[in-house]
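Novice: Just so you know, we're using UniProt numbering here: the sequence shown kicks off at 1 and counts up by one. Next up is a structure, given as C-alpha cells.
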Amino acid sequence: MERLRIESEAAYQWLTDKDPLHWSRAFFKDTALCDMLCNNMCEAFNSVILQACDKPVITLMEMIRVYLMKMLVTKRAEVHKWHHQIGPNVMKFVEKIKMEISVCNPAYCGNYIFQVKETGGEQFVVNIEQKSCACNKWQLIGISCIHGMAILLSSNRDPLDFINIKYKKESFFNTYTPSDLWHKWPKHMAKNQ
1 MERLRIESEA
11 AYQWLTDKDP
21 LHWSRAFFKD
31 TALCDMLCNN
41 MCEAFNSVIL
51 QACDKPVITL
61 MEMIRVYLMK
71 MLVTKRAEVH
81 KWHHQIGPNV
91 MKFVEKIKME
101 ISVCNPAYCG
111 NYIFQVKETG
121 GEQFVVNIEQ
131 KSCACNKWQL
141 IGISCIHGMA
151 ILLSSNRDPL
161 DFINIKYKKE
171 SFFNTYTPSD
181 LWHKWPKHMA
191 KNQ
C-alpha cells in the first residue's frame, strides 16, 4: 500500500475507503482459480453480441446460439492441437515460474511439508500433497507458485502432475463438448419442447 501511496495518493485514498474484502487478493476465493479482479470476460462477450442487441429477442438468442456453437467448435479444435496434457498458455506460465526458482531454498519438514526460504529472507510453508503454499498463489490459481515449483523440481517431481485438473486437456474437452439434444434432457424439460 505504501508503494501505491507514493505512486498515487488519490488511488491509495480510494482503496482505503473501500472494504479490502472487495479488492484485495488476500480475500479472493480459491475456488475460481483466478487471480484477476476484473470483468474482461463480460466485456468481451458484450462486444461480440453488440451487433445482435438491437434485434428481436428470438433473433438475438439465435445469433448468440450460433456464435457460441462456432466458438465451441473452434476451441475444441484448438485443444486437439495441444502437445501436452495442459494448454500452451499454462505451459508458458509453468516455464516462466521454473525460471524464477533460483531465489528459493526448500527444506523438507516431513509429511509432504516443506519450508522454502527466499534469498531475501522471507519464508513460506508449502504442502505439496494439498497443493498449498503460505503465499496463497498455488491455491488461488491452481498452478504451483515459485515456492512449490522449487520443491517439485528439486525432488524430481513433474510439475504438470500438480496442476489443477481444470487446466488439463480432459477438462477442456468436457467444457467445449456440445450439449445433448433436447430429447436427452430430463422429462420435465423435454415436455416444453
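We put the beta carbon where it would ideally sit given N, CA and C, even for glycine.
Looking at C-beta atoms only, is the number of pairs between the region 53 to 73 and the region 110 to 119 that lie closer than 8 Å three or more?
Specialist: no
Novice: Between the C-alpha atoms of VAL94 and ILE143, what's the straight-line distance to the nearest angstrom?
Specialist: 8 Å
Novice: Is it a yes or a no for the region 124 to 142 touching the region 80 to 87, going by three-plus beta-carbon pairs under 8 Å?
Specialist: no
Novice: Return the chain-ordered ranges of every alpha helix (DSSP H) run that is complete within the region 136 to 160 and spans a minimum of 4 residues.
Specialist: 137 to 141, 146 to 154
Novice: Please name the residue or residues paired with ILE86 in a DSSP beta bridge.
Specialist: Note: ILE86 sits in a beta bridge opposite LYS168.
Novice: Threshold first: 4 residues or longer. Then list the alpha helix (DSSP H) segments lying entirely within the region 50 to 111, N to C.
Specialist: 57 to 80, 88 to 99
Novice: Taking only heavy atoms of the ligand FMN into account, decide whether any of them is closer than 7 Å to the Cβ of PRO159.
Specialist: You won't find the ligand FMN in this model; it holds no ligand whatsoever.
Novice: Would DSSP call ILE113 helix, strand or coil?
Specialist: The three-state secondary structure of ILE113, taken from DSSP, is strand.
Novice: Which residues does DSSP pair with VAL125 in a beta bridge?
Specialist: For VAL125, the beta-bridge partners assigned by DSSP are GLN115.
Novice: Report the option in LYS75, ASP54, LEU21 whose CA atom is closest to the CA atom of PRO178.
Specialist: LYS75
Novice: Do you know whose CA, among PHE27, GLN13, VAL73, lies nearest GLN139's CA?
Specialist: PHE27
Novice: Of the residues ILE141, LEU60, LYS117, GLU78, which one's Cα is nearest the Cα of THR175?
Specialist: GLU78
Novice: Hey, could you find the ends of the alpha helix (DSSP H) ALA10 is sitting in?
Specialist: 9 to 16
Novice: Going straight from the alpha carbon of ASN46 to that of PRO159, what length do you get?
Specialist: 36 Å
Novice: Under the rule that 16 or more other beta-carbon atoms within 10 Å means buried, what is CYS42, buried or exposed?
Specialist: exposed
Novice: Tell me whether SER47 sits in a helix, a strand or coil according to DSSP, three-state version.
Specialist: Residue state for SER47 is assigned as helix, using DSSP reduced to three classes.
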